[in-house]
Structures are given as C-alpha cells and as structure tokens.
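Numbering (my numbering), first residue to last: 1 to 266. Here a beta-carbon is modelled for each residue, glycine too, at the ideal position from N, C-alpha and C. Notes for the one structure printed next.
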Amino acid sequence: MIDIEKEKLLDTLRQIIYKLTGNYYPDERLKMLEYKVSGIIKEMITAGKKAEDIIDHIIKNEEIQKKLINLITVPETRFFREMEQLETIKKYIFPKLTEPIFIASAGCSTGEEAYTIAMMLKDSKLIGKVVGMDINEVALSKAKEGKYSDKAISQIPIPYREFVEVGEDYIKIKDEIKKMVEFTKANLINRADFERFKEHFQIVMCRNVLIYFDKKSKKTALENIRISLRKEGYLVLSSTEMLTSEFKEGFEAIRFDKFMFYRKKS
Ligand SMILES: C[S@@+](CC[C@H](N)C(=O)[O-])C[C@H]1O[C@@H](n2cnc3c(N)ncnc32)[C@H](O)[C@@H]1O
1 MIDIEKEKLL
11 DTLRQIIYKL
21 TGNYYPDERL
31 KMLEYKVSGI
41 IKEMITAGKK
51 AEDIIDHIIK
61 NEEIQKKLIN
71 LITVPETRFF
81 REMEQLETIK
91 KYIFPKLTEP
101 IFIASAGCST
111 GEEAYTIAMM
121 LKDSKLIGKV
131 VGMDINEVAL
141 SKAKEGKYSD
151 KAISQIPIPY
161 REFVEVGEDY
171 IKIKDEIKKM
181 VEFTKANLIN
191 RADFERFKEH
201 FQIVMCRNVL
211 IYFDKKSKKT
221 ALENIRISLR
231 KEGYLVLSST
241 EMLTSEFKEG
251 FEAIRFDKFM
261 FYRKKS
C-alpha cells in the first residue's frame with residue numbers, strides 16, 4: 001500500500017464501500033480491507049494516479065467501483081450449507097407453501113445456495129423457481145455457468161447427486177435444475193432492486209450476508225427483503241444469526257425444531 005495518508009485512504013475507502021454495499025469494515029477488519037484492495041490501488045498508482053486522486057477516481061468511475069465490490073465482498077459458500085436447517089425448511093415450511101413456489105437466495109454468491117434450494121424443490125416434487133441475487137458480478141457469472149470443481153461433489157448428499165453431471169474435474173448442474181434458477185444483480189440496500197419483486201417470494205434466504213453489515217444497513221436490507229416477501233413469507237438467516245427486537249420490525253419469530261425463522265407479519 002502507498003505510504004502517505006494510508007489510514008485516511010483506508011478510512012475513506014471503507015466509507016465508499018459502505019455507501020455502495022452496506023458492508024462495513026470495522027477497525028479490526030481494516031487490515032483485511034487493506035490486503036484486499038492493495039492490488040487495485042497499486043494498479044492506479046502504476047497508471048499514474050497520485051494517492052490524493054485515487055478516492056476521486058473511485059467516486060467517479062463505475063468500473064472501478066464494480067472491481068472494488070467484487071474484491072471486498074466475501075464469496076464463501078457451499079452446496080447444502082447447514083444441512084439440518086435445510087431439512088427443517090423442507091419438512092415444516094415447504095408443505096405450507098402454494099405452488100408455484102418462489103424463493104430468493106439474497107446474497108447467493110456463486111450460486112450453490114440457489115441450486116441447493118432448486119434441488120430440494122425438485123426432490124420434493126414441487127414446482128417452483130429460485131432467484132439468486134448478488135451484488136458481485138464475478139460471482140454471479142460463475143453462478144450462471146453452474147459449473148464447479150469436482151471437489152464440490154462431496155458437499156452434495158448422495159440422493160441429490162442425480163441433479164449434477166460429473167465430468168473429469170468438474171461437476172455441472174443439470175438443465176432440469178438450471179432452468180428453475182435465475183440469477184440477477186441486486187443490492188440489498190437498494191430498495192428498487194426489491195420493489196421489482198414486490199410481495200413475490202414465499203421464502204427469502206439471506207444467510208451469512210448481513211453479518212457484514214452495520215446496524216443501519218442491516219435495517220435497510222431487512223426492510224427491502226420484507227418488501228419482496230409475500231404476507232406470511234419466511235426470511236431465513238443462518239442459524240448462527242439472530243434478529244434482536246430492534247431488527248424484527250414487521251417480522252415475527254417462529255421456531256421449527258431447533259431453528260428460528262422470521263415470518264412477515266400480515
Ligand atoms: C458469505 S456469502 C454467502 C453466500 C450464501 N448465502 C451462503 O450462505 O452460503 C455473502 C454474499 O453476499 C453478497 N453481498 C454482500 N453485500 C451485498 C449487497 N449489498 N447486496 C447483495 N449481495 C451482497 C456478497 O457478494 C457474497 O456473495
């Protein structure tokens with residue numbers, strides 16, 4: 001990273017990132033931010049940008065902003081993540097829904113969660129569609145491709161492996177599942193991106209995403225998710241995430257087995 005005003009640069013960057021994505025890098029994660037953006041900053045310096053111009057350049061340049069978003073978001077995901085919670089959804093929530101069932105994976109990353117849900121619907125012989133949404137365009141294009149390393153097969157329980165084609169060093173989502181899933185760019189803090197799906201979804205999965213938000217952006221995201229949910233639709237967070245009362249507005253907590261879900265109040 002550049003020597004001069006490093007702290008100021010990082011602080012301004014985190015503000016820009018927050019404004020663009022709602023993701024907030026607290027002080028203890030600033031080193032991580034520095035590591036993630038060091039390449040892009042060096043690139044700008046090599047291209048002749050002076051340190052003091054960098055911020056201005058980022059603010060005015062949408063392409064750089066996209067690059068920044070792709071760098072700073074956390075794409076970690078896998079198929080059938082939190083299997084026990086998914087089984088609970090299948091057992092208690094799916095039977096309550098009317099077909100065709102519409103489910104969102106908000107913060108879908110490279111698509112594993114969206115395809116997992118589609119496989120679960122198919123396996124349950126239910127007609128439905130899944131919309132995968134993310135702000136990271138690189139992750140979205142990988143999601144659309146539906147092709148993963150062969151190692152990913154171990155994440156998929158045996159009964160569901162019929163939904164993937166196994167190649168030499170890759171696995172591919174079969175068309176019968178792929179056509180149930182659509183991917184689209186959407187920003188959780190942008191209301192218009194969710195107005196587009198007003199009262200559309202019966203379930204919105206938003207797992208391991210809001211943990212990177214601060215209070216204010218988390219509230220905005222929850223409000224937007226609420227807009228896209230039907231009355232009595234379910235918000236699913238990771239089982240390690242809880243909505244305390246200050247975030248629960250418009251939702252009621254409902255427990256199935258040991259898992260907590262959040263149902264939109266009518
Ligand atoms: C850790 S991944 C979670 C993936 C998946 N939901 C799971 O639990 O396996 C977080 C994802 O949230 C996305 N994300 C972060 N901020 C976002 C925002 N403002 N709008 C939409 N997606 C966002 C990131 O790009 C990333 O792909």
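Distance from F80 to Q155 at the Cβ level is roughly 6 Å; contact confirmed, criterion being Cβ atoms closer than 8 Å.
The three-state secondary structure of I189, taken from DSSP, is coil.
For T184, the pairing in a beta bridge is given by DSSP as M133. Setting aside the 5 residues that flank it on each side, H57 is surrounded in the same chain by M44, K49 and I64, each with a C-beta closer than 7 Å to its C-beta; the list follows chain order. Rounded to whole angstroms, the gap between the alpha carbons of K96 and F102 is 13 Å. N70 carries a helical assignment under DSSP once its states are collapsed to helix, strand and coil. With respect to I55, T21 sits apart: the two C-beta atoms are not nearer than 7 Å.
In this structure, K151 is the residue among F197, M180 and K151 with its C-alpha nearest to the C-alpha of E168.
In the DSSP assignment, K147 forms a beta bridge with K172. Counting along the chain, A114 sits inside the alpha helix (DSSP H) bounded by residues E112 to D123. Pairing K67 with D257, the inter-Cα distance amounts to about 42 Å. If you check the C-beta of N23 against ligand 1, you find a heavy atom less than 6 Å away. A straight-line Cα-Cα distance of about 8 Å links S141 and T110. Between ligand 1 and R161, a heavy atom-to-CB distance of less than 6 Å is absent.
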